[in-house]
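**Student:**
Protein chains in written order, with my numbering: chain A, 36 to 232; chain B, 64 to 347.
Below, the structure is given as structure tokens:
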């Protein structure tokens with residue numbers, strides 16, 4: 036019984052990844068991007084433990100993927116479906132909150148700023164290492180993006196986008212993806228015995 | 064373009080918690096749209112940049128901390144933006160060419176029947192000798208500057224590193240432990256630094272204060288800053304909690320000094336902890 040379930044889960048995940056992109060590496064990247072955006076959505080909904088909620092959305096979509104793919108338009112972005120499920124999960128959570136006050140007591144506490152550990156304005160060896168793992172072009176783009184003058188930030192970014200032959204939104208998407216790579220590397224590099232991927 | 068700016072403005076208000084319940088629901092419903100989601104993401108990123116650059120009003124700064132920095136993932140994003148900004152600017156500064164402030168004058172061309180070298184033999188020789196002398200002086204200066212610079216870099220590393228080796232703990236001439244609050248130097252806090260010593264260890268009693276990191280400023284008794292130290296850490300030596308600050312001996316000639324110690328909170332606020340006074344009777 037457990038084997039059958041595992042098999043089904045595996046098939047669903049395969050179908051999901053194929054739906055996101057025929058190239059497996061690209062599919063995983065999109066999956067990870069969607070997961071991060073789901074976490075953002077739940078963060079903005081002020082729900083604690085946004086990661087768990089994001090995982091729930093992914094599980095729900097995976098469970099119904101064959102049905103979803105059949106009904107979903109090929110021209111539409113699959114991410115849209117995930118975000119729609121996220122909205123439903125958030126609404127359900129708020130409805131349950133109204134019903135069960137214990138839930139509100141237990142889960143209403145939001146991480147407070149005093150618990151937060153912000154870093155100082157110092158160069159970082161781990162970041163230097165991870166920047167060197169990027170391609171030359173990606174490293175150039177991300178450093179050029181953050182090199183702006185605060186007073187002329189928009190103009191500086193416009194200029195960079197033009198230099199790279201991209202729209203501003205494409206530049207932001209590119210920088211966002213490079214940041215994801217850096218985050219992944221920083222996490223691996225800072226773990227004891229870890230190596231950057 | 065105007066619509067996009069209006070949407071960005073609204074997204075900003077959403078993130079900072081300015082919207083009414085109804086307005087919030089409209090934005091939350093729109094988060095299904097991938098393009099709109101990207102716009103809100105970009106707006107949040109820009110808000111983080113503004114927070115880092117201290118561009119937010121006091122009210123917005125508080126709202127940002129309350130509504131945006133709500134979990135560790137948000138903090139990690141903020142920290143990454145901060146580090147990228149610092150790294151990008153440091154690398155840009157390191158790669159920029161030196162500024163040319165004055166145009167280099169060109170020699171005047173004058174007509175003359177005489178050959179140029181017979182008229183200018185002595186001045187040219189003088190120029191050559193002066194140039195050699197200047198080059199030699201510069202080489203000595205650069206060598207000295209380099210070793211002092213290296214010392215400062217090494218001391219900075221010691222001051223900010225996590226743990227101290229036994230060797231580091233016994234490095235240099237030790238001043239202290241100094242008590243907080245003494246306003247005058249007397250026999251208790253006077254020290255004679257040997258001429259041959261290059262490094263001085265200032266030890267300050269800390270007590271039970273608890274901060275992630277500390278900042279210290281070495282001043283003369285007129286209140287002029289001599290050197291600032293950031294990223295300092297509390298140490299425990301023989302069961303006693305203290306601050307150890309490694310200083311170049313060249314920064315402490317004969318005279319009275321003061322160290323102003325501050326704690327740095329997790330939100331980067333500076334909290335002054337106290338002042339420590341001492342006297343150097345070095346033979347420099």
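Think of the CB as a built atom: it goes at the ideal place given N, C-alpha and C, for glycine as much as any other residue.
Just to confirm my understanding: we take residue 289/B, look at its own chain, exclude 5 residues before and 5 after, and list those with CB closer than 7 Å. What are they?
**Tutor:** Position 226 of the second chain, counted from the first residue, corresponds to residue 289/B. Excluding sequence neighbours, residue 289/B sits near 281, 282, 283 and 314.
**Student:** Check each residue of the segment 97-127 of chain A: if its Cβ is closer than 8 Å to any Cβ of chain B, include it; give the result in chain order.
**Tutor:** Taking 8 Å as the Cβ-Cβ cut-off against chain B, the residues of the segment 97-127 of chain A that qualify are 112, 114, 115, 118, 119, 121, 122 and 125.
**Student:** Any residues in the segment 141-154 of chain B with a beta carbon nearer than 7 Å to a beta carbon of chain A? Which ones, in chain order?
**Tutor:** 141, 142, 143, 145, 146, 147, 148, 149, 150, 151, 152, 153 and 154
**Student:** Buried or exposed, going by whether 16 or more other CB atoms sit within 10 Å of the CB of residue 257/B?
**Tutor:** Here residue 257/B is taken as the residue at index 194 of the second chain, counted from 1. Looking at its Cβ environment, which holds fewer than 16 other Cβ atoms inside 10 Å, residue 257/B is exposed.
**Student:** Measuring only the C-alpha atoms, how far is residue 216/B from residue 160/A?
**Tutor:** Residue 216/B sits at position 153 when you count from the first residue of the second chain. Residue 160/A sits at position 125 when you count from the first residue of the first chain. If I take the Cα positions, the gap works out to 15 Å.
**Student:** Rounded to whole angstroms, what's the CA-CA distance from residue 169/A to residue 222/A? Just pull it up for me.
**Tutor:** The count along the first chain starts at 1 and reaches residue 169/A at position 134. The count along the first chain starts at 1 and reaches residue 222/A at position 187. Going from the Cα of residue 169/A to the Cα of residue 222/A covers about 15 Å.
**Student:** Is there a Cβ of chain B sitting closer than 9 Å to that of residue 197/A, yes or no?
**Tutor:** Along the first chain, one-based indexing puts residue 197/A at 162. It does not; no Cβ of chain B falls within 9 Å.
**Student:** Just to confirm, are residue 105/B and residue 204/A a CB contact at a threshold of 9 Å?
**Tutor:** Sequence index remark: in the second chain, residue 105/B carries index 42 (1-based). Sequence index remark: in the first chain, residue 204/A carries index 169 (1-based). Result yes, Cβ atoms of residue 105/B and residue 204/A sit closer than 9 Å.
**Student:** Can we count residue 179/A as close to the ligand MN, meaning its CB is less than 8 Å from some heavy atom?
**Tutor:** Summarising the ligand content, the structure contains no ligands, and the ligand MN is consequently not present.
**Student:** Between the C-alpha atoms of residue 243/B and residue 217/A, what's the straight-line distance to the nearest angstrom?
**Tutor:** Position 180 of the second chain, counted from the start, is the residue given in the question as residue 243/B. Position 182 of the first chain, counted from the start, is the residue given in the question as residue 217/A. C-alpha separation (whole angstroms): 44 Å.
**Student:** Which value, in whole angstroms, describes the spacing of the CA atoms of residue 75/B and residue 138/B?
**Tutor:** Along the second chain, one-based indexing puts residue 75/B at 12. Along the second chain, one-based indexing puts residue 138/B at 75. Going from the Cα of residue 75/B to the Cα of residue 138/B covers about 18 Å.
**Student:** How about residue 326/B and residue 268/B: do their beta carbons lie closer than 9 Å?
**Tutor:** Here residue 326/B is taken as the residue at index 263 of the second chain, counted from 1. Here residue 268/B is taken as the residue at index 205 of the second chain, counted from 1. No, Cβ-Cβ distance for residue 326/B and residue 268/B is not below 9 Å.
**Student:** Nearest by alpha-carbon distance to residue 343/B: which of 128/B, 329/B, 333/B and 239/B is it?
**Tutor:** Start at 1 with the first residue of the second chain, and residue 343/B comes out as number 280. The candidate whose alpha carbon is nearest that of residue 343/B is 239/B.
**Student:** Can you give me the Cβ contacts of residue 275/B inside the same chain, cut-off strictly under 7 Å, excluding the 5 residues immediately before and after it?
**Tutor:** Translated into positions along the second chain, residue 275/B becomes position 212. Excluding residues within five positions, the ones whose Cβ falls inside 7 Å are 327 and 329.
**Student:** Measure the alpha-carbon distance for residue 144/B versus residue 250/B and round it to whole angstroms.
**Tutor:** On the second chain, position 81 is the one that residue 144/B refers to. On the second chain, position 187 is the one that residue 250/B refers to. Cα to Cα, residue 144/B sits roughly 50 Å from residue 250/B.
**Student:** Kindly say whether residue 56/A, judged by its beta-carbon, lies nearer than 9 Å to any beta-carbon of chain B.
**Tutor:** For the purposes of this step, residue 56/A is identified with residue 21 of the first chain, where counting begins at 1. Not one chain B Cβ lies under 9 Å of residue 56/A.
**Student:** Take residue 141/A and list the residues in its own chain whose beta-carbon comes closer than 6 Å to its own, dropping the five residues that flank it on each side.
**Tutor:** For the purposes of this step, residue 141/A is taken as the residue at position 106 of the first chain. Because the pLDDT of residue 141/A is 41, which lies under 50, any placement of that residue in the model is unreliable, and the question is left without a value.
**Student:** Taking 9 Å as the threshold (beta carbon to beta carbon), is residue 85/A in contact with chain B?
**Tutor:** For this step, residue 85/A is matched to residue 50 along the first chain. For residue 85/A, the answer is yes, since a Cβ of chain B falls inside 9 Å of its Cβ.
**Student:** In the segment 104-121 of chain B, which residues sit with their C-beta less than 9 Å from some C-beta in chain A, listed in chain order?
**Tutor:** 104, 105, 107, 108, 109, 112, 113, 115, 116 and 118
**Student:** Measuring straight from C-alpha to C-alpha, what distance separates residue 113/B and residue 201/A?
**Tutor:** Counted from its first residue, the second chain places residue 113/B at position 50. Counted from its first residue, the first chain places residue 201/A at position 166. CA-CA distance, residue 113/B to residue 201/A, rounds to 24 Å.
**Student:** Assuming residue 107/A and residue 118/A are in contact, meaning their beta carbons sit under 8 Å apart, how far apart are those beta carbons, in whole angstroms?
**Tutor:** Numbered from its first residue, the first chain carries residue 107/A at position 72. Numbered from its first residue, the first chain carries residue 118/A at position 83. With 8 Å as the limit, residue 107/A and residue 118/A do not qualify as a contact, their Cβ atoms being about 13 Å apart.
**Student:** Between the Cα of residue 302/B and the Cα atoms of 133/B, 271/B, 292/B and 100/B, which residue gives the shortest distance?
**Tutor:** Numbered from 1 along the second chain, position 239 holds the residue referred to as residue 302/B. For the set 133/B, 271/B, 292/B and 100/B, the Cα lying nearest the Cα of residue 302/B is the one of 271/B.
**Student:** With a threshold of 8 Å, are at least 3 pairs of Cβ atoms found where one atom belongs to the segment 58-76 of chain A and the other to the segment 88-97 of chain A?
**Tutor:** Because the criterion of three Cβ pairs below 8 Å is met, the segment 58-76 of chain A and the segment 88-97 of chain A touch.
**Student:** Going by C-alpha distance, which of 333/B, 341/B, 331/B and 298/B is nearest residue 319/B?
**Tutor:** Sequence index remark: in the second chain, residue 319/B carries index 256 (1-based). Of the residues 333/B, 341/B, 331/B and 298/B, the one whose Cα lies closest to the Cα of residue 319/B is 341/B.
**Student:** I want to verify the contact list: residues of chain B whose CB lies under 7 Å from the CB of residue 191/A, in sequence order.
**Tutor:** Within the first chain, residue 191/A is the residue found at index 156, counting from 1. Scanning chain B for C-beta atoms nearer than 7 Å to the C-beta of residue 191/A yields nothing, as the closest lies near 11 Å away.
**Student:** At least one CB of chain B closer than 9 Å to the CB of residue 78/A: is that the case?
**Tutor:** Position 43 of the first chain, counted from the start, is the residue given in the question as residue 78/A. Closer than 9 Å to some Cβ of chain B, the Cβ of residue 78/A qualifies, so yes.
**Student:** Cα separation between residue 229/B and residue 221/B?
**Tutor:** Taking the first residue of the second chain as position 1, residue 229/B is located at position 166. Taking the first residue of the second chain as position 1, residue 221/B is located at position 158. The alpha-carbon atoms of residue 229/B and residue 221/B are separated by roughly 12 Å.
**Student:** So that I know if they touch, is there some Cβ in chain B lying closer than 9 Å to that of residue 66/A?
**Tutor:** Taking the first residue of the first chain as 1, we reach residue 66/A at position 31. No, residue 66/A does not count as interfacial toward chain B.
**Student:** Does any C-beta atom of chain B lie closer than 9 Å to the C-beta of residue 168/A?
**Tutor:** Your numbering for residue 168/A matches position 133 in the first chain. Not one chain B Cβ lies under 9 Å of residue 168/A.
**Student:** If we define contact as Cβ-Cβ less than 9 Å, is residue 173/A a contact residue for chain B?
**Tutor:** For this step, residue 173/A is matched to residue 138 along the first chain. So no, residue 173/A is outside the interface.
**Student:** From the DSSP secondary-structure annotation, give me the bridge partner or partners of residue 337/B.
**Tutor:** Taking the second chain and counting its residues from 1, one reaches residue 337/B at position 274. Answer is 324/B.
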